[in-house]
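Protein chains in written order, with our numbering: chain F, 23 to 156; chain S, 30 to 327.
Working notes, structure below.
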């Protein structure tokens, strides 16, 4: 009997979490919260011509599901082509990737090695440039 | 539930998952641990379906094959929940379904720290024939597995298990330590155990082209785990301990293969365990379920 109660409560919680409405407008305030010391970190992959290409593959594997194919944003996650992101320093983006925005469903990506996170930063930064060309 | 029913249920689920969701592109980034946990949770809305298998040697009795299916769902970025169904076949005896586990992992801090804690709570409704060795605790020893299935499956266990997972990444390495406290809810003392592991991808930089065999897709590691007695007899006496060296191969489209040969470290441990697992991650599973109930467009 008790087991059924536990199972019932568990299923109800899961269902509630699954159908919980997605967040509405994104405020990008997390970028402002990045510590100054982290913001000024330079991207060590900046001069690597293959960094953005490798970052694109990583983006497709880990980020596209929530942020959209070209980082245009979806219901679940904000646009990465937005001014706030494109004007952010590489260090700030790297810090967000490392720490996630856990309370807003952005997972921690420190499980990707540091080099791969910087490759992702290179790609995310290139999204803005490709938008500007249009 | 008979073990054949369990197997009937597993393979169609995995195959259906592959065909229904295989078109999505996703690559898991999993560590090779089979027992130890690191501090990473399932991505929110993703479902990971996992199959694990352990072939164990048994002195004084027949060897066995224990297996379990895991459904791991990322409820939020700070909460992952998992359901396990387990069974075992003891060679020359029988195959039995050994029970259900429901596990929850919660990340208390919202940012990365020097050491990252995760709180783990699990409820187990299993029987005495359980041999999956998802963890080792208390005075679990090799001779516990000698009882024949038709006798051991009659023993029912309702257990609660708590773990404190402490994990850290440093220069591409992951180091993790799990402290385990488990309580059989039928008035038995708290039992303790540990698991620890270290792992690292074979390459830290990602390749600029897609490849299944690139070094960054392989993560190698070691893990060690064992029991620490119980509340009344804490320590290493009459406990078993294991050391395994494993590799995880993160394939395209969310598949991961893990292999871990494991060796017993003392006379109370099984001499050798061959452990392996196959997992598949379904991205956006929660969104699909949500769309079913709310009719919202994906």
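C-beta atoms are modelled at their ideal positions from N, C-alpha and C, and glycine is treated no differently.
To the nearest angstrom, how far is it from the Cα of residue 270(S) to the Cα of residue 127(F)?
Taking the second chain and counting its residues from 1, the one referred to as residue 270(S) is at position 241. Taking the first chain and counting its residues from 1, the one referred to as residue 127(F) is at position 105. Going by the C-alpha atoms only, they are around 38 Å apart.
Does the beta carbon of residue 98(F) come closer than 9 Å to any beta carbon on chain S?
Start at 1 with the first residue of the first chain, and residue 98(F) comes out as number 76. Output row for residue 98(F): interface = yes.
Would residue 114(F) pass as an interface residue toward chain S - the criterion being a Cβ-Cβ separation below 9 Å?
Residue mapping note: residue 114(F) aligns to position 92 of the first chain, counting from 1. No, residue 114(F) lies away from the interface with chain S (no Cβ there is under 9 Å from its Cβ).
Identify, in the order they occur along the chain, each residue of the same chain with its Cβ nearer than 8 Å to the Cβ of residue 314(S), setting aside the five sequence neighbours on each side.
Here residue 314(S) is taken as the residue at index 285 of the second chain, counted from 1. For residue 314(S), where only same-chain residues beyond five positions count, the Cβ hits under 8 Å are 50, 74, 75, 76, 102.
Using the Cβ count rule (16 or more neighbours within 10 Å means buried), how would you classify residue 145(F)?
As a working note, residue 145(F) is residue 123 in the first chain. Counting Cβ neighbours within 10 Å, residue 145(F) comes out buried, since at least 16 surround it.
How about residue 69(S) and residue 133(F): are their beta carbons less than 9 Å apart?
Taking the first residue of the second chain as position 1, residue 69(S) is located at position 40. Taking the first residue of the first chain as position 1, residue 133(F) is located at position 111. It is a contact, given that the beta carbons lie within the stated cut-off.
Contacts around residue 273(S), its chain only, beta-carbon distance under 6 Å, and the 5 residues preceding and following it disregarded:
On the second chain, residue 273(S) is found 244 positions in, with the first residue counted as 1. Cβ within range, chain order: 252, 289, 291.
Spatial neighbours of residue 133(S) in its chain, beta-carbon cut-off 8 Å, leaving aside the 5 residues before and after
Counting from one through the second chain, the residue named residue 133(S) turns up at place 104. Taken in chain order, the residues that qualify are 108, 109, 110, 111, 149, 150, 151.
Taking the DSSP output, what are the residues bridged to residue 285(S)?
Here residue 285(S) is taken as the residue at index 256 of the second chain, counted from 1. DSSP output for residue 285(S) lists 279(S), 308(S) as bridge partner(s).
Which residue wins for smallest C-alpha separation from residue 220(S), given the options 93(S), 166(S), 147(S)?
Sequence index remark: in the second chain, residue 220(S) carries index 191 (1-based). For the residues 93(S), 166(S), 147(S), the minimum Cα distance to residue 220(S) belongs to 166(S).
Evaluate residue 316(S) with the Cβ neighbour count: other Cβ atoms within 10 Å of its Cβ, from every protein chain shown; 16 or more gives buried, anything less gives exposed.
For the purposes of this step, residue 316(S) is taken as residue 287 along the second chain, with counting starting at 1. When all chains shown are included, residue 316(S) counts as buried.
With 9 Å as the C-beta to C-beta threshold (strictly closer), list the residues of the stretch 192-216 of chain S near chain F in chain order.
Shown in chain order are the members of the stretch 192-216 of chain S whose Cβ falls below 9 Å from a Cβ of chain F: 198, 200, 201, 203.
Chain S contacts from the stretch 45-63 of chain F (Cβ-Cβ distance under 8 Å):
Near chain S, meaning a CB-to-CB distance below 8 Å, no residue of the stretch 45-63 of chain F qualifies.
I want to verify the contact list: residues of chain S whose CB lies under 8 Å from the CB of residue 118(F), in sequence order.
Position 96 of the first chain, counted from the start, is the residue given in the question as residue 118(F). Correct list: empty, because the minimum Cβ distance to chain S is about 10 Å.
Along chain S, in chain order, which residues have C-beta atoms closer than 8 Å to that of residue 65(F)?
Against the first chain, residue 65(F) aligns to sequence position 43. Ordered by position in chain S, no residue passes the 8 Å Cβ test against residue 65(F), which lies about 13 Å from the chain.
Distance, Cα to Cα, residue 234(S) vs residue 128(S)?
Residue mapping note: residue 234(S) aligns to position 205 of the second chain, counting from 1. Residue mapping note: residue 128(S) aligns to position 99 of the second chain, counting from 1. Cα-Cα distance, rounded: 42 Å.
What whole-angstrom Cβ distance do residue 249(S) and residue 228(S) have, given they're in contact under 8 Å?
Reading the second chain from its first residue, position 220 is the one you call residue 249(S). Reading the second chain from its first residue, position 199 is the one you call residue 228(S). About 7 Å; that satisfies the 8 Å criterion.
Opposing strand residues paired with residue 115(S) [DSSP bridges]
Looking up residue 115(S) in the second chain gives position 86. 97(S), 128(S), per the DSSP bridge assignment.
The beta strand (DSSP E) spanning residue 151(S) covers which residue range?
Taking the second chain and counting its residues from 1, one reaches residue 151(S) at position 122. Residue 151(S) -> beta strand (DSSP E) spans 145-156.
Which residues of the stretch 66-81 of chain S have a Cβ closer than 9 Å to any Cβ of chain F? Give them in chain order.
For chain F, the residues of the stretch 66-81 of chain S that bring a beta carbon within less than 9 Å of one of its beta carbons are 67, 68, 69, 70, 71, 72, 73, 74, 75, in chain order.
With a threshold of 9 Å between beta carbons, is residue 185(S) in contact with chain F?
The residue you call residue 185(S) lines up with position 156 of the second chain. It does not: the Cβ of residue 185(S) has no partner Cβ on chain F nearer than 9 Å.
Hey, is the stretch 180-195 of chain S in contact with the stretch 306-313 of chain S, meaning 3+ C-beta pairs nearer than 8 Å?
The stretch 180-195 of chain S vs the stretch 306-313 of chain S: no contact.
According to DSSP, is residue 203(S) helix, strand or coil?
Numbered from its first residue, the second chain carries residue 203(S) at position 174. Note: residue 203(S) maps to strand in three-state DSSP.
Mind checking residue 49(F): buried by the 16 CB within 10 Å criterion, or exposed?
The residue labelled residue 49(F) in the question sits at position 27 within the first chain. Answer is exposed; the Cβ neighbour count stays below 16.
Can you tell me whether residue 184(S) is buried or exposed, with buried defined as 16 or more other CB within 10 angstroms of its CB?
Numbered from 1 along the second chain, position 155 holds the residue referred to as residue 184(S). Label assigned to residue 184(S): exposed.
By Cβ distance, which residues of its chain are closer than 6 Å to residue 190(S), with the 5 residues on each side in sequence left out?
Within the second chain, residue 190(S) is the residue found at index 161, counting from 1. Here the set comprises 151, 211.
Flag this pair as yes or no: are the beta carbons of residue 224(S) and residue 160(S) separated by less than 9 Å?
Translated into positions along the second chain, residue 224(S) becomes position 195. Translated into positions along the second chain, residue 160(S) becomes position 131. Contact flag unset, no.
Proximity winner among 146(S), 243(S), 173(S), 275(S), relative to residue 298(S) (alpha-carbon distances)
Counting from 1 along the second chain, the entry for residue 298(S) is found at position 269. The candidate whose alpha carbon is nearest that of residue 298(S) is 173(S).
Applying the criterion that 16 or more other CB atoms from any shown protein chain within 10 Å of the CB defines a buried residue, is residue 144(S) buried or exposed?
Taking the second chain and counting its residues from 1, one reaches residue 144(S) at position 115. Result: exposed.
Closest Cβ-Cβ distance between residue 316(S) and chain F: below 9 Å?
Numbered from its first residue, the second chain carries residue 316(S) at position 287. Yes, residue 316(S) counts as interfacial toward chain F.
Helix, strand or coil for residue 271(S), going by three-state DSSP, please let me know.
Sequence index remark: in the second chain, residue 271(S) carries index 242 (1-based). Strand, per DSSP.
Based on the DSSP secondary-structure assignment, which residues constitute the bridge partners of residue 244(S)?
Residue numbering aside, residue 244(S) sits at position 215 when the second chain is read from its first letter. Answer is none; residue 244(S) lacks a bridge partner.
Closer than 7 Å by beta-carbon distance: list the chain S residues that pair up with residue 122(F), in chain order.
The residue you call residue 122(F) lines up with position 100 of the first chain. Correct list: 106.
Contact list for the stretch 123-147 of chain S against chain F, Cβ threshold 7 Å:
131, 136, 139, 140, 141
Amino acids of chain F, ordered along the chain, whose beta-carbon sits closer than 8 Å to that of residue 239(S):
In the second chain, counting from the first residue as 1, residue 239(S) sits at position 210. Those within 8 Å of residue 239(S) in chain F are 79.
Helix, strand or coil, according to DSSP, for residue 146(F) in the structure here?
Along the first chain, read from residue 1 onward, the residue named residue 146(F) stands at position 124. Reduced to three states, the DSSP call for residue 146(F) is helix.
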